[in-house]
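Just remember that the numbering used here sits 9 ahead of the position in the sequence shown, which is counted from 1.
Glycine included, each C-beta is placed from N, C-alpha and C at the ideal position.
Have a look at the structure below, then the notes.
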Amino acid sequence: MSGISLQFDIDDDTLRQVLEGLATRAGDLTPAMKTIGENLVRVTQARFDAQERPDGVDWEKNQPEYWATKRIKKILTEDSGLRDSIVYRESPDGVTVGTHKIYAAIHQFGGTILPVKGKYLRFKIGDQAVYAKQVTIPARPFLGITPDGQEEVVATIKDFLLGDTA
């Protein structure tokens, strides 16, 4: 019979310690998820400065009439309320990034706003009252993760599991 035979000697105590540490860290990823959450909030807030979606495409511009009334010439940034409301919540097995602002969804996904009561919506542009049967808001996604961001998430978890980070 021909072939190759290999024999490995493994220090059982060292291997057991490594595997136990790995199992312990894998059971509670909270520290890694905290790091990921902090990074995702930072990157999401930077999108408001860059005025772009997670895929790098610029947000659709405001209508000229509306734009003329804005004191700050940045989309979704009149008072930074939405930008500053981005938060994360870590857990042992995941992280959630989002906002409590009720109007965030219409900006993230876009959509048409219809009146709840009556025939018209009433709002102001500058000092002028405006009435409309509907208003369509374009999608301006600010939440999301880029391919580079995905790689960073994987690297963060890998480093945590291998004990390279706290």
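What first and last residue would you give for the beta strand (DSSP E) that runs through Y97?
Y97 -> beta strand (DSSP E) spans V96 to S100.
Inter-residue spacing [alpha-carbon to alpha-carbon] between E69 and K126:
Rounded to the nearest whole angstrom, the C-alpha separation of E69 and K126 is 29 Å.
Using beta carbons (cut-off 8 Å, strictly below), is D37 in contact with chain B?
Protein chains in the displayed structure number just one, and chain B is not present.
Please report the residue range of the alpha helix (DSSP H) in which V50 lies.
Taken as a continuous stretch (DSSP letters only), the alpha helix (DSSP H) holding V50 covers T39 to A59.
What did DSSP end up calling F151 once you bin it into helix, strand or coil?
Correct three-state label for F151: coil.
K142, DSSP secondary structure in three states
Three-state DSSP puts K142 in coil, outside helix and strand.
In its own chain, which residues sit with a C-beta less than 7 Å from the C-beta of K128, not counting the 5 before and 5 after it?
Same-chain partners within the cutoff: K142.
Verify whether the separation of the beta carbon atoms of P63 and P147 is less than 8 Å.
No.
Roughly how many angstroms lie between the CA atoms of T44 and D88, to the nearest whole one?
Rounded to the nearest angstrom, the gap between the Cα atoms of T44 and D88 is 27 Å.
Excluding five sequence neighbours on each side, which residues of the same chain lie with their C-beta closer than 7 Å to the C-beta of G103?
Counting only residues of its own chain and dropping the five nearest sequence neighbours on each side, G103 has a CB closer than 7 Å to the CB of M42.
The beta strand (DSSP E) spanning V9 covers which residue range?
The requested residue 9 does not occur in the structure, where the chain is confined to residues 10 to 175.
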